[in-house]
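Peer 1: Before we start, here is the structure in question, set down as structure tokens.
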Amino acid sequence: MHKRITRLATVGIAAAAVGVMLAGCTPANSNTTEDGKSKVVFWQQKFEDYQQDWFKAQVAEFNESQDEVEVELLVVPADTWDQKLKAAQAAGKAPDVKTTSYGNVKPMQATGQIANLSELMDADAFSDIAENIAPFVTVDDGVYAYPLLVEPSTVLFYRTDLLSAAGIDAPPTTWDELLDDARTLTKGDVYGMNIAQTAPDLGWSSWGLQYNAAGDFPLRGDWSEASADDPAYEDLAKFYQTLYTEKLMPQEATYPYADCSFFGEGKVAMSACGSWALGQLSANPDWAGVWENTAVAAFPSSDGDPTSPTSTLGGWTLTVDAKSKVQEDSAAFVQWLLADDDTDRLVDFFTATGFSKYPARVSVTDALAATPEAADNPFLATITEDIVPYAKAEPSYPWDVSLAFATSLEKAMRGGDIPAAMSEAQAAIEDVIEKQKLAGTGSD
Amino acid sequence: MTMSPQSTNRLATAASVALEPEGTAPASKRRRRVAGRLSTHVMDNRTAYVMIAPMVVLLGMFVWWPLLYSFYLSTFEISFYEEPVFVGLQFYGYVLEDPDFWHSIGIGATYVLYTVPAIMIIAFLVASFIRTVGRKVAGLLKTTVYVPTVVSAVITSVVFVFMYRADGGLINWLIGFVGLGPFAFLSDPELALPAISVPGIWLAFGITTLIMLAGMYDIPQSYYEAAQLEGANFFQRTWFITIPLMKNVLLYLVVTATIAGMQQFELPLIMTQGGPTNSTMTPNLFIFNQFKDPTPYATSFSLTAALILFFVLGGISMLIFRLIRSDKAIDA
Numbered sequence: 001m002h003k004r005i006t007r008l009a010t011v012g013i014a015a016a017a018v019g020v021m022l023a024g025c026t027p028a029n030s031n032t033t034e035d036g037k038s039k040v041v042f043w044q045q046k047f048e049d050y051q052q053d054w055f056k057a058q059v060a061e062f063n064e065s066q067d068e069v070e071v072e073l074l075v076v077p078a079d080t081w082d083q084k085l086k087a088a089q090a091a092g093k094a095p096d097v098k099t100t101s102y103g104n105v106k107p108m109q110a111t112g113q114i115a116n117l118s119e120l121m122d123a124d125a126f127s128d129i130a131e132n133i134a135p136f137v138t139v140d141d142g143v144y145a146y147p148l149l150v151e152p153s154t155v156l157f158y159r160t161d162l163l164s165a166a167g168i169d170a171p172p173t174t175w176d177e178l179l180d181d182a183r184t185l186t187k188g189d190v191y192g193m194n195i196a197q198t199a200p201d202l203g204w205s206s207w208g209l210q211y212n213a214a215g216d217f218p219l220r221g222d223w224s225e226a227s228a229d230d231p232a233y234e235d236l237a238k239f240y241q242t243l244y245t246e247k248l249m250p251q252e253a254t255y256p257y258a259d260c261s262f263f264g265e266g267k268v269a270m271s272a273c274g275s276w277a278l279g280q281l282s283a284n285p286d287w288a289g290v291w292e293n294t295a296v297a298a299f300p301s302s303d304g305d306p307t308s309p310t311s312t313l314g315g316w317t318l319t320v321d322a323k324s325k326v327q328e329d330s331a332a333f334v335q336w337l338l339a340d341d342d343t344d345r346l347v348d349f350f351t352a353t354g355f356s357k358y359p360a361r362v363s364v365t366d367a368l369a370a371t372p373e374a375a376d377n378p379f380l381a382t383i384t385e386d387i388v389p390y391a392k393a394e395p396s397y398p399w400d401v402s403l404a405f406a407t408s409l410e411k412a413m414r415g416g417d418i419p420a421a422m423s424e425a426q427a428a429i430e431d432v433i434e435k436q437k438l439a440g441t442g443s444d
Numbered sequence: 001m002t003m004s005p006q007s008t009n010r011l012a013t014a015a016s017v018a019l020e021p022e023g024t025a026p027a028s029k030r031r032r033r034v035a036g037r038l039s040t041h042v043m044d045n046r047t048a049y050v051m052i053a054p055m056v057v058l059l060g061m062f063v064w065w066p067l068l069y070s071f072y073l074s075t076f077e078i079s080f081y082e083e084p085v086f087v088g089l090q091f092y093g094y095v096l097e098d099p100d101f102w103h104s105i106g107i108g109a110t111y112v113l114y115t116v117p118a119i120m121i122i123a124f125l126v127a128s129f130i131r132t133v134g135r136k137v138a139g140l141l142k143t144t145v146y147v148p149t150v151v152s153a154v155i156t157s158v159v160f161v162f163m164y165r166a167d168g169g170l171i172n173w174l175i176g177f178v179g180l181g182p183f184a185f186l187s188d189p190e191l192a193l194p195a196i197s198v199p200g201i202w203l204a205f206g207i208t209t210l211i212m213l214a215g216m217y218d219i220p221q222s223y224y225e226a227a228q229l230e231g232a233n234f235f236q237r238t239w240f241i242t243i244p245l246m247k248n249v250l251l252y253l254v255v256t257a258t259i260a261g262m263q264q265f266e267l268p269l270i271m272t273q274g275g276p277t278n279s280t281m282t283p284n285l286f287i288f289n290q291f292k293d294p295t296p297y298a299t300s301f302s303l304t305a306a307l308i309l310f311f312v313l314g315g316i317s318m319l320i321f322r323l324i325r326s327d328k329a330i331d332a
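Line order of the protein sequences matches chains A and B.
Under the numbering used here, the first residue of the first sequence is numbered 1, with each subsequent residue one higher.
Under the numbering used here, the first residue of the second sequence is numbered 1, with each subsequent residue one higher.
Structure below.
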């Protein structure tokens, strides 16, 4: 009997010890800091270094400016973002606030992942969003993301010195002119042109040119039918194919499209890059020789019409998680950071970008234009007047659609049969429509 | 055990006899006897059961339960924000009829064909050589061949990307001396998979060599001496002594290298991102890419594809075990 009691006592003590250990592992309340403030977790995707510096300084300033909310900033590298976010969502630990691209706002809204900010922020905050950008973040009457910036995904960068030396007076305005110029400029170790060449890059960087070729995307209207077999896309495929197979562009993707290093290193005379490359090129002292001969223009259109879109308007917003337990505090932080009446902190941000990114708010655009730095910037007018007004919104259909089209585009580019490649894209997109039940859900 | 019609009949007869009232008493006696034997068996082997219990519990917690729960989850379109929708086996159909999934399995199999025979042959030759040299040299060689194993696959990928570059890469520079190239190895759909197989072989042959060497050292030297007295040359000794006696080691190495090859992920992720035109899209990379989309469809599709891949790999392992039956070593 005595032995049995001892055994029971041992088991009881062991169970209690395990209980105490487990209790010690579980935080009392993860939404509150030790000193009783409401804790907002903010994930920022890693961009250029100056952006990390800016976000870090702003978070510190916000935390010091009041005693109720503590924002905890975590910078997450872009290549691990998707899986880290999904793992956090699965574990119920998604960040309260996160950076979100325009293309993801509507898919996330459709699956209930992000909160309606128009219920959490002052109505005045939304009236200042530029008219052409508001639709990117609005679904019905709700605003689901607050925009920080826009940046055209396709801009033509060219070397004035190399073009002059080749007797070319002005940048090309049609695809045919671009091909001719690229042939002229391809000499020795320098290729005439550089453009995306892998499916993951083509998937998004060719959106503007897809629109330019056919007047719309391969999945359009209410997303009931695929349109990749539109003959107009064959011209686009031919354009890419000519550039690659005639060796007018680098033959291997040493750098991804978002990285404009081929141009910076002087290995190409012209390059398609996003406007963000202005910041990259100007910041590298080794590329000073290239930078002083750099100019930008709207990317050529198929028929030379300068008002026809050749670029999408990508960019970044902040969203609040639909399951966040501190939605109001999160929205208060977003409002303080991006929608404040005082535009100075955003003007500082856009000045730091080297005018490679552009405000989404009217008052910030005006304030920025009034700065002396803006007046001196040789690229600002080209991008804000010749490109941004005609750029299209990123399509909000699933990435699988874009990737299917881009995979066929890549096959064609590397010398594959163009109609066969487009038929493959058509079949693949129809498959996505059926399996992901897209028919009737589109509004592009 | 297969169930023949005869055995089914016998079972049916046994069952009907057991159900008759007069049969109840002997049956319960039999049950008691069986229970008694079972309890004696448990008591006799108590220590053994206690010792394997932690492993059974851990396997249950970290392997069997997650696996079963994954099967359960794969019958839903999983959303982390909305109520999951029960869809039965719909996603199994989606994965099985997806040509991209089967294409990725084909790429994985091709990668295995490029790497496994090469790893096995190189490792066998190197191990045979190390076995013939003196102790000190063997020690140095063993350390040397093991080095690639401790180098991260990520670092290897980055180094090989630089080596393969068409503009100034080491490999193009070397083949330039014989008037070839330059080749854009990683941008050519025909060359990309063979190109990523080379670092795959380099990473794996070291550990394979050491395991083969351990197997070779286990073969009694007297066998070789006897064969040499009979006039057997190196190839005859290898074919009739070394290979048959290393059958189990070779089988283990073939199975593990095949499974590792089918699951190759880091090399194509870093060197080619699965391209060009999906020519290096291995199964795990395909599943990983599917997982990234922020839609419930993507989550469920990647989960189901991973479970199907589990069966494919299990099937391949079984096939290899069937083709090369493992036996007890002759001399053991």
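The C-beta atom is built at its ideal place from N, Cα and C for all residues, glycine as well.
If you draw a straight line from the alpha carbon of Val-158(B) to that of Gly-315(A), how long is it in whole angstroms?
Peer 2: Straight-line Cα distance between these residues: approximately 30 Å.
Peer 1: Could you list the residues in the region 163-179 of chain B with a C-beta less than 8 Å from some C-beta on chain A, going in chain order?
Peer 2: Residues Arg-165, Ala-166 and Asp-167.
Peer 1: Exposed or buried, what is Asn-194(A) when buried is set at 16 or more other beta-carbons lying within 10 Å of its beta-carbon?
Peer 2: Under this definition Asn-194(A) is a buried residue.
Peer 1: Looking only at its own chain, which residues have a Cβ that is under 7 Å from the Cβ of Leu-269(B), when we skip the five neighbours before and after it?
Peer 2: So the qualifying residues of the chain are Leu-285.
Peer 1: Using a Cβ cut-off of 7 Å, pull out every chain A residue sitting near Leu-80(B), in sequence order please.
Peer 2: Per the sequence presented here, residue 80(B) reads as Phe, with Leu not at that position. Here the neighbours are Gln-89 and Ala-90.
Peer 1: Whole angstroms is fine: what's the gap from Phe-263(A)'s alpha carbon to Phe-157(A)'s?
Peer 2: Those two C-alpha atoms are separated by around 8 Å.
Peer 1: Roughly how many angstroms lie between the CA atoms of Ala-195(B) and Phe-185(B), to the nearest whole one?
Peer 2: The alpha-carbon atoms of Ala-195(B) and Phe-185(B) are separated by roughly 6 Å.
Peer 1: State yes or no: is the C-beta of Pro-148(B) within less than 8 Å of the C-beta of Leu-229(B)?
Peer 2: For Pro-148(B) and Leu-229(B), no; Cβs fall outside 8 Å.
Peer 1: Does Ala-420(A) come within less than 8 Å of chain B when only Cβ atoms are used?
Peer 2: Not an interface residue.
Peer 1: To which residues does DSSP link Arg-159(A) through a beta bridge?
Peer 2: DSSP, once it has assigned bridges, lists Thr-294(A) as partnering Arg-159(A).
Peer 1: Name the one or two DSSP bridge partners that Ile-129(A) has.
Peer 2: Answer is Arg-361(A).
Peer 1: Buried or exposed: Glu-68(A), going by 16 or more other Cβ atoms within 10 Å of its Cβ?
Peer 2: Counting Cβ neighbours within 10 Å, Glu-68(A) comes out exposed, since fewer than 16 surround it.
Peer 1: Let me see if you follow: with CB-CB separation under 8 Å, is Asn-278(B) close to chain E or not?
Peer 2: No chain E appears in the structure shown, which is made up of the protein chains A and B.
Peer 1: Chain A partners of Pro-296(B), CB-CB under 8 Å?
Peer 2: Within chain A, the residues near Pro-296(B) are Thr-111.
Peer 1: What first and last residue would you give for the beta strand (DSSP E) that runs through Tyr-146(A)?
Peer 2: Residues 146-152.
Peer 1: Using DSSP's beta-bridge definition, name the partner residues of Thr-100(A).
Peer 2: Answer is Thr-317(A).
Peer 1: Compare the Cα-Cα distances from Phe-310(B) to each of Gln-236(B), Glu-82(B), Gln-263(B) and Thr-256(B) and report the closest residue.
Peer 2: Among Gln-236(B), Glu-82(B), Gln-263(B) and Thr-256(B), the Cα nearest to that of Phe-310(B) belongs to Gln-263(B).
Peer 1: Hey, does Ala-331(A) have any beta-carbon neighbour from chain B nearer than 8 Å?
Peer 2: No, because no Cβ of chain B sits closer than 8 Å to the Cβ of Ala-331(A).
Peer 1: Per DSSP, what are the beta-bridge partners of Val-75(A) in this structure?
Peer 2: Paired residue(s): Gln-44(A).
Peer 1: Who are the near neighbours of Ala-295(A) in its chain, counting only those whose CB is closer than 7 Å to its CB and skipping five residues on each side?
Peer 2: Closer than 7 Å at the Cβ level, and outside the excluded window around Ala-295(A), lie Tyr-158 and Thr-160.
Peer 1: May I ask you to list, following chain order, the residues of the region 216-237 of chain A that have a beta carbon less than 8 Å from some beta carbon of chain B?
Peer 2: Cβ contacts with chain B come from no residue of the region 216-237 of chain A.
Peer 1: Can you list, in chain order, the residues of its chain whose CB lies under 7 Å from that of Ile-130(B), leaving out five sequence neighbours each side?
Peer 2: The answer, listed in chain order, is Ala-138, Leu-141, Lys-142 and Leu-213.
Peer 1: So which of Ile-320(B), Pro-182(B) and Tyr-297(B) has the shortest CA-CA distance to Glu-77(B)?
Peer 2: Nearest of Ile-320(B), Pro-182(B) and Tyr-297(B) to Glu-77(B), Cα basis: Tyr-297(B).
Peer 1: For the beta strand (DSSP E) that Ser-275(A) lies in, which residues bound it at each end?
Peer 2: Counting along the chain, Ser-275(A) falls outside any beta strand (DSSP E), and DSSP gives it neither H nor E.
Peer 1: Going along chain B in order, which residues have a C-beta closer than 7 Å to the C-beta of Ala-253(A)?
Peer 2: Those are Ser-187, listed as they occur along chain B.
Peer 1: Using a C-beta to C-beta distance shorter than 9 Å, which residues of chain B count as neighbours of Ala-199(A)?
Peer 2: Residues of chain B passing the Cβ test: Gln-273, Gly-274, Gly-275, Pro-276, Thr-277 and Asn-278.
Peer 1: Are the CB atoms of Pro-200(A) and Gln-210(A) nearer to each other than 8 Å?
Peer 2: In this structure, Gln-210(A) does not lie closer than 8 Å to Pro-200(A) by Cβ.
Peer 1: Would you mind telling me which residues of chain B sit closer than 8 Å to Asp-286(A), beta carbon to beta carbon, in chain order?
Peer 2: Here the premise fails: no neighbours, minimum Cβ distance about 17 Å.
Peer 1: List the residues that DSSP assigns as beta-bridge partners of Ile-52(B).
Peer 2: BP columns for Ile-52(B) are empty, so no partner.
Peer 1: DSSP state of Phe-76(B), grouped into three classes?
Peer 2: Of the three classes helix, strand and coil, the one that applies to Phe-76(B) here is strand, per DSSP.
Peer 1: Whole angstroms is fine: what's the gap from Leu-346(A)'s alpha carbon to Met-163(B)'s?
Peer 2: Taking the straight line joining both Cα atoms gives about 44 Å.
Peer 1: Rounded to the nearest angstrom, what separates Pro-236(A) and Glu-225(A) at their Cα positions?
Peer 2: A small correction: the amino acid at residue 236(A) is Leu; Pro does not occupy that position in the sequence shown. Roughly 20 Å separates the two Cα atoms.
Peer 1: Can you give me the C-alpha to C-alpha distance between Met-120(B) and Tyr-111(B), rounded to a whole angstrom?
Peer 2: Each residue's Cα considered, the two are about 14 Å apart.
Peer 1: Along the alpha helix (DSSP H) that carries Pro-309(A), what are the first and last residues, could you check?
Peer 2: Taken as a continuous stretch (DSSP letters only), Pro-309(A) belongs to no alpha helix (DSSP H), as it is neither H nor E.
Peer 1: Who are the neighbours of Ala-184(B) on chain A, taking C-beta pairs under 7 Å?
Peer 2: By Cβ distance, chain A contributes Gln-251 and Glu-252.
Peer 1: Can you tell me which residues form a DSSP beta bridge with Ala-393(A)?
Peer 2: Answer is Leu-313(A), bridged to Ala-393(A).
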